[in-house]
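Enquirer:
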Amino acid sequence: MSEPTKEQKIWQVVALIPPGSVASYGQVADMAGLGRQARFVGRALGKLPSGHSIPWYRVIRSSGQIAFPQGSEAYETQVFRLREEGVEVLNGRVSMKRFQWRP
DNA sequence: ACTTTGACGGCGT
DNA sequence: TACGCCGCCAAAG
0 MSEPTKEQKI WQVVALIPPG SVASYGQVAD MAGLGRQARF VGRALGKLPS GHSIPWYRVI
60 RSSGQIAFPQ GSEAYETQVF RLREEGVEVL NGRVSMKRFQ WRP
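Everything in the first sequence is counted per numbering that gives the first Met the number 0, starting at 0 for the first residue and increasing by one.
1) Need the endpoints of the alpha helix (DSSP H) that TRP10 sits in, please.
2) Tell me where the alpha helix (DSSP H) around GLN26 begins and ends.
3) Apart from the five residues on each side of it in sequence, which residues of its chain come closer than 7 Å, Cβ to Cβ, to PRO68?
4) Look up ARG42 in the DSSP assignment and say whether it is helix, strand or coil.
5) If you reduce the DSSP assignment to three classes, tell me which class VAL78 lands in.
6) Alpha carbon to alpha carbon, how far is ILE59 from ASP29? Give it in angstroms, no decimals.
Structure, rendered in structure tokens:
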């Protein structure tokens, strides 16, 4: 085994987000030591291997918006899982004020 | 080696 | 509050 890849670091950080809270792509990038690589976080989550247990749905935009287009399957899944943990989602958005993860 | 892409962010209008 | 524009930068093609 060698050094963890950047993608693995990202997954590692996402796995730390506790149930009932959310984090932005930018916040995850920063915590993974990737600076302003918010966009890379999205790409990395898209590559999650099947069978994983990474809470990808706890990652949203800094604005509180769900990153997928409303109505898409991924969007519906994300909203469902968030509500399941007690996170309120109204019109595709979460109140960062109330649910953002603060390490 | 070069160009395009992307589950973003921040600021201005 | 809601768009649009531009900046970011590693990975894909």
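Ideal Cβ placement from N, Cα and C applies to all residues, glycine included.
Expert: Put simply:
1) 5-15
2) 24-30
3) TYR74
4) helix
5) helix
6) 14 Å
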